[in-house]
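Right, one structure below, let's go through it.
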Amino acid sequence: MTKPAAPSSPIYMDHAATTPCDPRVVEAMLPYFTQMFGNTGSRNHKYGWDAEAGVDKAREQVAKLLNADEKEIIFTSGATEGNNLAIKGAAYMYEKAPAGQAKRGHIVTGLIEHKAVLDPCKRLQKEGFDVTFVDPPVDGVYTAEMIKQALREDTILVSIMWANNEIGTINEVREIGKLCKERGIVFHVDGTQWVGKMPTDVEKDNIDLLSFSGHKIYGPKGIGALYVRRKKPRVRLQSLFDGGGQERGFRSGTLNVTGIVGLGKACEIAMNEMEHDAARLFKLRKHMEDSLLKSLDYSAVNGHKDKRLPHIANISFGFVEGEGLMMAVKDIACSSGSACTSASLEPSYVLKGLGVGDELAHSSLRLSLGRWTTQEQVDFAIEKITFAVKRLREMSPLYDMHKEGIDISKVEWAHH
Ligand SMILES: *Cc1c(COP(=O)(O)O)cnc(C)c1O
Numbered sequence: 008m009t010k011p012a013a014p015s016s017p018i019y020m021d022h023a024a025t026t027p028c029d030p031r032v033v034e035a036m037l038p039y040f041t042q043m044f045g046n047t048g049s050r051n052h053k054y055g056w057d058a059e060a061g062v063d064k065a066r067e068q069v070a071k072l073l074n075a076d077e078k079e080i081i082f083t084s085g086a087t088e089g090n091n092l093a094i095k096g097a098a099y100m101y102e103k104a105p106a107g108q109a110k111r112g113h114i115v116t117g118l119i120e121h122k123a124v125l126d127p128c129k130r131l132q133k134e135g136f137d138v139t140f141v142d143p144p145v146d147g148v149y150t151a152e153m154i155k156q157a158l159r160e161d162t163i164l165v166s167i168m169w170a171n172n173e174i175g176t177i178n179e180v181r182e183i184g185k186l187c188k189e190r191g192i193v194f195h196v197d198g199t200q201w202v203g204k205m206p207t208d209v210e211k212d213n214i215d216l217l218s219f220s221g222h223k224i225y226g227p228k229g230i231g232a233l234y235v236r237r238k239k240p241r242v243r244l245q246s247l248f249d250g251g252g253q254e255r256g257f258r259s260g261t262l263n264v265t266g267i268v269g270l271g272k273a274c275e276i277a278m279n280e281m282e283h284d285a286a287r288l289f290k291l292r293k294h295m296e297d298s299l300l301k302s303l304d305y306s307a308v309n310g311h312k313d314k315r316l317p318h319i320a321n322i323s324f325g326f327v328e329g330e331g332l333m334m335a336v337k338d339i340a341c342s343s344g345s346a347c348t349s350a351s352l353e354p355s356y357v358l359k360g361l362g363v364g365d366e367l368a369h370s371s372l373r374l375s376l377g378r379w380t381t382q383e384q385v386d387f388a389i390e391k392i393t394f395a396v397k398r399l400r401e402m403s404p405l406y407d408m409h410k411e412g413i414d415i416s417k418v419e420w421a422h423h
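Counting the sequence shown from 1 gives a position; our numbering is that position plus 7.
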């Protein structure tokens, strides 16, 4: 397989944030920029027909990956839009407003969802919907039982992510879907980290709405898709944009033909190669986690030990300072357990949600591997991180005190 012409330094271990475009995807897209550049809405000439043929093929490729029908695929600009369309679109369509009752309906989601789910839910809350944000367990995995506890008579929508983008944990989607089906509740899944990496079957998995994104699966940025169930039951959505009525009225706007063709190709490649990729990445990730945990005491993997994606590791290292750690591992492009907000570095709300303390959240790394990650890169990362953590600890008075048996929970932490 051709290696993408990406810079090799720092080594890229942030595939949960975005992936390089597969060269085969770029190749498939190129003719649609310059030759088959038509608008799919142009019904009277070859340019329009060629563009439409490209989109039709992509729709088939996407549908096949999900075991869906082509008519159930709506192209969006990415998972943020897909989530917004699914959540707001369903809420407005299915709101229950019994006479004399102020509530517009009840929505259930998780506390450690992506912002692209949390924020639309918070907006609906402001608009009068009732929303339950279910607390995660310490292992981060949502079970059907946990969701069941949150359901009410007036629940209209459940939105749960398939796999968590920070810790890689996998929720009980199929079981939660079954629960929703039994009660006639619309079930949305943010599948951005799952689709294209793991087998997906909207029928068996009992999903009504499924959003995902091109750039997380070796496709281009700014394109994604939303699956909308058409039978058993037919799910309706109120559209967010008014305009030309494209995508059967769900999503007005001239179709991003190049992006769509790229997404289709990315889905086709994923379909063929996910099994191989997942098995290979599982071994690499396991090797990385095992090696780091073995050589560094006071380190721990965040999230469930086994119910997790093959390629994401999120590890906390005790007794090191977060910013120092990030500085020391800058040869590795990865994410930390800190989120940049306008004012300061905040500990990740996902790790916080699991009960990880602020200090430990800051000294966590998310290492996410991908299609071109090599054994050499993983070994380099292990070496680099081990060295960095040990060196930082040599300079840490807390680590010394702890080694000497002083109970540091009784010692004032130095804040910076
Ligand atoms: C990346 C991501 C998103 C946002 O996707 P975009 O296509 O960048 O808008 C939403 N949900 C999850 C779980 C993600 O990982």
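For every residue, glycine included, the Cβ atom is placed at its ideal position computed from N, Cα and C.
Residues bridged to residue i (per DSSP)
i, result
"E227", "Checking the sequence, you will find Pro at residue 227 rather than Glu. DSSP, once it has assigned bridges, lists no residue as partnering P227."
"H283", "According to DSSP, which records beta bridges pairwise, H283 is partnered with nothing at all."
"M205", "V202"
"S345", "P354"
"A232", "F82, F219"
"H113", "D137, T162"
"T261", "According to DSSP, T261 bridges with nothing at all."
"D197", "M168, S218"
"T176", "R315"
"V308", "I322"
8 Å Cβ shell around residue i - same chain, five flanking residues per side excluded
i, result
"F44", "Y54, A58, V264"
"K359", "D365, A368"
"D208", "L73, N74"
8 Å contact criterion, which residue i and residue j should meet: CB distance rounded
i, j, result
"G221", "L288", "Their Cβ separation, rounded to whole angstroms, is 19 Å, which puts G221 and L288 out of contact at 8 Å."
"A123", "A86", "6 Å"
"D212", "V180", "6 Å"
"F219", "G231", "6 Å"
"A273", "G203", "7 Å"
"D146", "L118", "That pair is no contact at about 14 Å."
"M295", "M205", "With 8 Å as the limit, M295 and M205 do not qualify as a contact, their Cβ atoms being about 19 Å apart."
"S355", "F324", "Actually they do not touch by this definition, with Cβ atoms about 14 Å apart."
"L37", "R258", "Incorrect: roughly 25 Å between the Cβ atoms, too far for contact."
"S403", "V327", "7 Å"
"M278", "K71", "6 Å"
"V196", "I167", "6 Å"
"K223", "T380", "With 8 Å as the limit, K223 and T380 do not qualify as a contact, their Cβ atoms being about 15 Å apart."
"L247", "G96", "7 Å"
As assigned by DSSP and simplified to three states, the class of residue i
i, result
"I192", "coil"
"L372", "strand"
"F387", "helix"
"G269", "helix"
"E353", "strand"
"N90", "helix"
"Q42", "coil"
"R315", "strand"
"M20", "coil"
"K303", "According to the sequence as given, residue 303 is Leu; it is not Lys. Coil, per DSSP."
"S246", "coil"
"I214", "coil"
"A320", "strand"
"M333", "helix"
"D407", "helix"
"A70", "helix"
"A75", "coil"
"V396", "helix"
"I119", "coil"
"I339", "strand"
"V145", "coil"
"I413", "coil"
"H52", "coil"
"V327", "coil"
"G429", "In the structure displayed, the chain extends from 8 to 423; residue 429 sits before or after that span and is not available."
"M402", "coil"
"K238", "coil"
"P27", "coil"
Cβ-based neighbour list, residue i, same chain, cut-off 6 Å, excluding 5 preceding and 5 following
i, result
"W201", "W169, A170"
"C187", "V165, F194"
"I18", "I339, Q384"
"H113", "D137, R159, D161, T162"
Own chain, CB closer than 7 Å to residue i, minus 5 neighbours either side, in chain order
i, result
"G331", "L399"
"R292", "P317, H318, A320, L376"
"R31", "K272, I276"
"C341", "M20, D21, L372, R373, L374"
"A421", "In this prediction, A421 has a pLDDT of 46, which is less than 50 and means its spatial position is unreliable; nothing more can be read from the coordinates."
"I81", "A232, L233, V235, E254, F257, R258"
"M8", "With a pLDDT of 46 at M8, under the threshold of 50, the modelled position of this residue cannot be trusted; read the value that follows with caution. Within the same chain, M8 has no close Cβ partners at all."
"G184", "F194, D212, N213, I214"
Residue i CB to nearest heavy atom of ligand 3 below 7 Å
i, result
"N90", "Among the ligands present in this structure, namely ligand 1, ligand 3 is not found."
Cutoff 8 Å: residue i Cβ touching any chain D Cβ
i, result
"N46", "The structure shown contains no chain D; it is built from a single protein chain."
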